[in-house]
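Peer 1:
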Amino acid sequence: MQHLFDFLATKYHWLLFLLLEIAGLALLFRYNSYQGSVWLSSANAVSGECYEMTSAVVSYFNLREINSRLTERNNLLEKELNAAHAQLAALETDSAALTAEVPAGFYHINARVVQNSVHKKDNLLTINKGYADGVRRNMGVVSGTGVVGIVYLVSAHYSVVIPVLNSHSNISCAIRGSRYFGYLSWAGGDSRYAYMENVPRYARYRKGAIIETSGFSSVFPQGITVGKVLATFNSADGLSYRIKVELATNFGNLYDVCVIDNSKLQEQLDILRAAEDSLTSRKNI
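Read in order, the letters of the sequence shown are residues 40 to 324 in our numbering.
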C-alpha cells in the first residue's frame, strides 16, 4: 500500500493531466456546435462500421417482423403496379394521349439504418450508404410506410439523416385531396406524433385525413405519405391551425429505408423558376 501511495505522490501530475483531458473531451463533445457534434458522432467510418455491426445483430432478431412489413409493402406495390398498367392501357387507346411522353419515375437508393435515436429533441440517424453509392446532401429518405427525413451529412459509405423527429426538420406537407398545406415540425415528446403548422383557418378536412408531401420543394415528390390527422388546435397567435399528426413511419423500429434521387424533381423546379423569371422580366419591360 505504501508503494501505491509513493507512486501516486510522484505521478500525480500525470493523473491530473489525464483527468483534465477527459473532462475537456467530454465538454467538447457535449457542448460543441450542432454540426460538429453530428459529424464527430455519426458520419466517420469507424463509428459507422460499429453502428452497422450493432444494427446487424439487432435486425437478426427482428427478421420475422421485417419480413411481415416487406410482404405488406410488396402487396401494396403490386396493387399500385396493376393500377398503373390499367391507366397505361387506357392511355394507349386514346390517340391524343399517344403524343404525350410518360414521365420517368425517381431513382431510389436502398439503405439500412445503422444508428438511430428517438428520445432526444434533436434525433439523428445514420444509414450505410454515402456519396460512393450516389447519396448526396438534401436528398429525401423514406421508409416502406412514409417519410423519414432529409440527408444532412455524407461521407464515402455512410450518411447522417435529419429525421422528422428533430427540431431542425421542416418538411412541406399538404392534406391529401385539398390545396391546404403547411410545415411538419417536431418539438420533442412522443415519437409517434408531430405537428403540421400554419394550416389556414379556412381549411376544411376531417379527422383521419392523410397528410402527404406537397411537392413544393426539391427534396420530396408530391404524394408521399407522412401520416394522418389526429386532432386540430389553434396556433399560438390564433391566426392558423396546428394539426396533430400521427406519423406513418415507426421510428422506434426503423431498419430499411430508401434515399430518393431528387435530380429530376430539381430539374422540374429549375424549369419552373426559369419560366417564372421570364414572365417577371416581360412584365417589367
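All residues carry an ideal CB built from backbone N, CA and C; glycine is no exception.
#1: Is Y278 buried or exposed, if buried means 16 or more other CB atoms sit within 10 Å of its CB?
#2: Among the candidates Y232, T165, L286, whose CA atom is the shortest distance from the CA of T354?
#3: To the nearest angstrom, how far is it from the Cα of A275 to the Cα of E111?
#4: Within the chosen definition, does the segment 154–163 reach the segment 288–301 through at least 3 CB pairs nearer than 8 Å?
#5: May I ask you to report which of helix, strand or coil DSSP gives D276?
#6: On a CA-only basis, which of Y219, A195, V190 is nearest G207? Give me that one, please.
#7: Between which two residues does the beta strand (DSSP E) holding S198 run?
#8: From R240, S224, I299, pick the residue whose C-alpha is nearest to that of Y234; which is it?
#9: Can you grab the Cα-Cα spacing for the pair G228 / H52, in whole Å?
#10: Candidates D300, I299, N301, D295: which alpha carbon is nearest E31's?
#11: Quick check on the DSSP output: the beta strand (DSSP E) that includes M235 runs from which residue to which?
#12: In angstroms with no decimal places, state the Cα-to-Cα distance between F220 and K283.
#13: In whole angstroms, what is the alpha-carbon distance linking Y241 and Y280?
#14: Is it the case that the Cβ atoms of N177 and V258 are separated by a distance below 8 Å?
#15: Count the other CB atoms, across all protein chains shown, that sit within 10 Å of the CB of G266; report buried if there are 16 or more and exposed otherwise.
#16: Taking DSSP's pairing of strands, which residues face G183 in a bridge?
#17: Nearest-angstrom Cα distance between F56 and C89?
#18: Can you give me the start and stop residues for the beta strand (DSSP E) that A150 sits inside?
#19: Determine, using beta carbons only, whether H251 and T271 come nearer to each other than 8 Å.
#20: Report the three-state DSSP secondary structure of N292 (helix, strand or coil).
#21: For the beta strand (DSSP E) that contains I249, what are its first and last residues?
#22: Per DSSP, what kind of secondary structure is R281 in: helix, strand or coil?
#23: Give the DSSP-derived three-state secondary structure of G228 in the structure shown.
#24: Within the same chain, show all residues whose beta-carbon is closer than 7 Å to that of L204, passing over the 5 residues directly before and after it, in chain order.
#25: Spatial neighbours of H147 within its chain, please: C-beta separation below 8 Å, excluding the five flanking residues on both sides.
#26: Starting from L223, follow its DSSP beta bridges and name the residues at the other end.
#27: Taking the alpha carbon of G173 as the point to measure from, which residue in K160, A195, T184 has its own alpha carbon closest?
#28: Just verifying my parser: in three-state terms, what is the DSSP assignment at W242?
#29: Terminal residues of the continuous beta strand (DSSP E) containing I166?
#30: Which same chain residues, not among the five before or five after K160, have their C-beta less than 6 Å away from its C-beta?
Peer 2: Result, derived from the coordinates:
#1: For the purposes of this step, residue 278 is taken as residue 239 along the sequence shown, with counting starting at 1. Sequence check: residue 278 is Leu here, not Tyr. By the neighbour-count rule (16 or more Cβ atoms within 10 Å), L278 is not buried but exposed.
#2: No answer is possible for residue 354: the residues shown for the chain start at 40 and end at 324.
#3: Taking the sequence shown and counting its residues from 1, one reaches residue 275 at position 236. Taking the sequence shown and counting its residues from 1, one reaches residue 111 at position 72. The alpha-carbon atoms of A275 and E111 are separated by roughly 40 Å.
#4: yes
#5: Indexing the sequence shown from 1 puts residue 276 at position 237. Coil, per DSSP.
#6: In the sequence shown, the residue the question calls residue 207 occupies position 168. Here residue 207 turns out to be His, not Gly, going by the sequence shown. Checked all of Y219, A195, V190; the closest Cα to H207 is V190.
#7: On the sequence shown, position 159 is the one that residue 198 refers to. Start and end: 198–202.
#8: For the purposes of this step, residue 234 is taken as residue 195 along the sequence shown, with counting starting at 1. Residue S224 is the option with its Cα nearest to Y234.
#9: Position 189 of the sequence shown, counting from 1, holds the residue named residue 228. Position 13 of the sequence shown, counting from 1, holds the residue named residue 52. Answer to the nearest angstrom: the Cα atoms are 45 Å apart.
#10: A question about residue 31 goes unanswered here, because the residues of the chain that appear run from 40 up to 324.
#11: In the sequence shown, the residue the question calls residue 235 occupies position 196. First-last of the beta strand (DSSP E) with M235: 232–239.
#12: The residue given as residue 220 occupies position 181 in the sequence shown. The residue given as residue 283 occupies position 244 in the sequence shown. C-alpha separation (whole angstroms): 14 Å.
#13: One-based indexing of the sequence shown puts residue 241 at position 202. One-based indexing of the sequence shown puts residue 280 at position 241. Whole-angstrom Cα-Cα distance: 9 Å.
#14: Position 138 of the sequence shown, counted from the first residue, corresponds to residue 177. Position 219 of the sequence shown, counted from the first residue, corresponds to residue 258. A Cβ-Cβ contact shorter than 8 Å links N177 with V258.
#15: Taking the sequence shown and counting its residues from 1, one reaches residue 266 at position 227. Counting other Cβ atoms within 10 Å of its Cβ, G266 reaches 16 or more and is therefore classed as buried.
#16: Against the sequence shown, residue 183 aligns to sequence position 144. None; G183 has no bridge partner.
#17: If you number the sequence shown from 1, residue 56 lands on position 17. If you number the sequence shown from 1, residue 89 lands on position 50. Roughly 29 Å between the two C-alpha positions.
#18: Indexing the sequence shown from 1 puts residue 150 at position 111. Boundaries of the beta strand (DSSP E) around A150: 146–155.
#19: Locating residue 251 in the sequence shown gives position 212, where the first residue counts as 1. Locating residue 271 in the sequence shown gives position 232, where the first residue counts as 1. Going by the sequence as given, residue 251 is Glu instead of His. Against a cut-off of 8 Å, the Cβ pair of T271 and E251 comes out as no contact.
#20: Here the question's residue 292 lines up with position 253 in the sequence shown. If DSSP states are grouped into helix, strand and coil, N292 belongs with the helices.
#21: Residue 249 sits at position 210 when you count from the first residue of the sequence shown. Start and end: 249–252.
#22: Taking the first residue of the sequence shown as position 1, residue 281 is located at position 242. Here R281 sits in strand by DSSP.
#23: Stepping through the sequence shown from its first residue, residue 228 is reached at position 189. In the three-state DSSP reduction, G228 falls in the coil class, being neither helix nor strand.
#24: Position 165 of the sequence shown, counted from the start, is the residue given in the question as residue 204. V157, N162, W225, S230, F290, listed in sequence order.
#25: One-based indexing of the sequence shown puts residue 147 at position 108. The answer, listed in chain order, is C297, V298, I299, D300.
#26: Taking the sequence shown and counting its residues from 1, one reaches residue 223 at position 184. DSSP output for L223 lists I210, M235 as bridge partner(s).
#27: As a working note, residue 173 is residue 134 in the sequence shown. The option with the nearest alpha carbon to G173 is A195.
#28: Translated into the one-based positions of the sequence shown, residue 242 becomes position 203. Looking at the sequence shown, residue 242 is not Trp but Ala. Per DSSP, reduced to three states, the secondary structure at A242 is coil, with no helix or strand assignment.
#29: Here residue 166 is taken as the residue at index 127 of the sequence shown, counted from 1. From DSSP, the beta strand (DSSP E) with I166 extends over 164–166.
#30: The residue given as residue 160 occupies position 121 in the sequence shown. The answer, listed in chain order, is S206, G227.
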